[in-house]
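If you're matching positions, the sequence shown starts at 1 in full-length UniProt numbering and goes up one per residue. From the three backbone atoms N, C-alpha and C, an ideal C-beta is built for every residue, glycine too. Just so you know, these numbers come straight off a predicted model, no measurement behind them.
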Amino acid sequence: MTGTLVPIQLVDTILLNYNVGDVLLLVLGLSILAALALRSRKVLASQAIAFGLILMVTPGGALQPGDGSLLGSVMQYKFFGLVLLLAGPVLYTTAKRSATPA
Numbered sequence: 001m002t003g004t005l006v007p008i009q010l011v012d013t014i015l016l017n018y019n020v021g022d023v024l025l026l027v028l029g030l031s032i033l034a035a036l037a038l039r040s041r042k043v044l045a046s047q048a049i050a051f052g053l054i055l056m057v058t059p060g061g062a063l064q065p066g067d068g069s070l071l072g073s074v075m076q077y078k079f080f081g082l083v084l085l086l087a088g089p090v091l092y093t094t095a096k097r098s099a100t101p102a
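If you want it as structure tokens, here you go:
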């Protein structure tokens, strides 16, 4: 029975030092690497918009910095989300259009 508690304890240990914003930034970084492998600016733009929106709607209590947090305050996470929300549509509109056969 104690084997089932290990994943929950692991998540709890991670979240004591970090917050949800840090986890979201880590997942964003990994997804950017995947988008770069695809060489698709539209996918990258979609990811930026999605993560920006997630950071903006995440409650401030979940973004309170811990001991090892990447950013120093809740407002920094919110501003980063805003930057992603503003940069995403710009990336999407500047992406090359795929050639469609006529």
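*What residues in its chain sit with their C-beta under 6 Å from that of I49, if we drop five residues either side in the sequence?*
The residue labelled residue 49 in the question sits at position 49 within the sequence shown. Hits under 6 Å: G88.
*asked:* Suppose contacts are defined by Cβ-Cβ distances below 8 Å. Is G61 in contact with L82 by that definition?
replied: Here residue 61 corresponds to residue number 61 of the sequence shown, with the count starting at 1. Here residue 82 corresponds to residue number 82 of the sequence shown, with the count starting at 1. Contact flag unset, no.
*How would you label L84, buried or exposed, when you count the other beta carbons within 10 angstroms and need 16 or more for buried?*
Translated into positions along the sequence shown, residue 84 becomes position 84. Buried, by the Cβ-count rule.
*Would you give the residue range spanned by the alpha helix (DSSP H) that T58 belongs to?*
Your numbering for residue 58 matches position 58 in the sequence shown. Neither: T58 is in no alpha helix (DSSP H) and is coded neither H nor E.
*Between the CA atoms of K78 and S69 - distance to the nearest angstrom*: Counted from its first residue, the sequence shown places residue 69 at position 69. Counted from its first residue, the sequence shown places residue 78 at position 78. One C-alpha to the other measures close to 14 Å.
*Could you round the C-beta distance between L86 and R41 to whole angstroms and report it? I think they count as a contact, below 8 Å.*
Within the sequence shown, the letter at position 86 stands for residue 86. Within the sequence shown, the letter at position 41 stands for residue 41. Wrong, their Cβ atoms sit about 16 Å apart, outside the cutoff.
*K78 in three-state terms, based on DSSP*: Here residue 78 is taken as the residue at index 78 of the sequence shown, counted from 1. It is helical.
*Within its chain, find whatever has a CB closer than 7 Å to the CB of G66; leave out the 5 residues flanking it on each side and keep chain order.*
Here residue 66 refers to the residue found at position 66 when the sequence shown is read from its first residue. Excluding its 5 nearest sequence neighbours in each direction, G66 has C-beta neighbours in its own chain below 7 Å: L16, N17, Y18, N19, listed in chain order.
*Helix or strand or just coil, what does DSSP make of N19?*
Here residue 19 corresponds to residue number 19 of the sequence shown, with the count starting at 1. DSSP places N19 in coil when its eight states are reduced to three.
*Whose CA, out of R39, I32, A37, lies closest to the CA of Q47?*
For the purposes of this step, residue 47 is taken as residue 47 along the sequence shown, with counting starting at 1. For the residues R39, I32, A37, the minimum Cα distance to Q47 belongs to I32.
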